[in-house]
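Colleague: Structure provided below as structure tokens; questions to follow.
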Amino acid sequence: MTETANTPAETKAAPKAKTANPCQCSMFANADTGERLECNKTTTRQFAPGHDARLKGFLIRLGAQGIEVTRAEGGMSITGDAAKAAEGYGFAHMVASGIERAHAKARAKAERAAARAAAKEKGTDSSDTVKAKVGRATYEGRIEGDEFVYEVKGAERRTTKHELV
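Below, the structure written as structure tokens:
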């Protein structure tokens, strides 16, 4: 009666073979121009290191411009907006919020331009601006009554303690 003893190498299961697939970022393109992220990397995961961030930036940029995205997968092309294209990934919420931030920034820029145009039309000259010293710093602003009105980091400030320069 002979027994064969299993060696530790025999009891271990053979490791599964990992297949290398193309990086997912190369599957997306601009639907209008066909521009895509150039990527020839292969990986055992969805993305090569750092390429998920590349794709996220690409989708935010196209979504902010209102351009549709085409995803090529298995011989088929699916076209839709950038936020929908990112839904299968863990960063979809970041793409959606990035697009919204870009839209808010564009709206704010348009509002500032409209305010500048209205001020110019109204006849507000730069000759109304004066320089005054407040504390140790010198600012440009305007005089309203006995107050000096100036801006610091986008916020309007008023003071009676100033010295015209």
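If you count by my numbering, then the sequence shown holds residues 10 to 174, one letter each, in order.
Ideal placement from N, C-alpha and C gives every residue a C-beta, glycine not left out.
#1: Beta-carbon within less than 7 Å of Gly89's beta-carbon, same chain only, minus the 5 sequence neighbours each way: which residues are those?
#2: Grab the span of the beta strand (DSSP E) containing Met85 for me, first residue to last.
#3: For the pair the segment 139 to 146 and the segment 107 to 125, tell me if three or more CB-CB distances fall below 8 Å.
#4: How would you write the range of the beta strand (DSSP E) that Gly99 sits in, first residue to last?
#5: Glu149 and Tyr159 look like a contact to me (Cβ under 8 Å); what is the Cβ gap, rounded to whole Å?
#6: Taking the straight line between their C-alpha atoms, what separation do you get for Met36 and Glu120?
#7: What are the boundary residues of the beta strand (DSSP E) that Arg80 is part of?
#8: Measuring straight from C-alpha to C-alpha, what distance separates Ala126 and Asp61?
Modeller: According to the data block:
#1: Locating residue 89 in the sequence shown gives position 80, counting from the first residue. Only Glu77, Val78 meet the Cβ criterion.
#2: Reading the sequence shown from its first residue, position 76 is the one you call residue 85. Per DSSP, Met85 belongs to the beta strand (DSSP E) from 85 to 89.
#3: Too few Cβ pairs lie closer than 8 Å, so no.
#4: Residue numbering aside, residue 99 sits at position 90 when the sequence shown is read from its first letter. Element bounds for Gly99: n/a, residue is neither H nor E.
#5: Within the sequence shown, residue 149 is the residue found at index 140, counting from 1. Within the sequence shown, residue 159 is the residue found at index 150, counting from 1. Confirmed, Cβ separation roughly 7 Å.
#6: The residue labelled residue 36 in the question sits at position 27 within the sequence shown. The residue labelled residue 120 in the question sits at position 111 within the sequence shown. Roughly 37 Å separates the two Cα atoms.
#7: As a first step, residue 80 is located in the sequence shown; it is residue number 71 there, counting from the start. Unbroken beta strand (DSSP E) run through Arg80: 78 to 82.
#8: Locating residue 126 in the sequence shown gives position 117, counting from the first residue. Locating residue 61 in the sequence shown gives position 52, counting from the first residue. Rounded to the nearest angstrom, the two C-alpha atoms are 41 Å apart.
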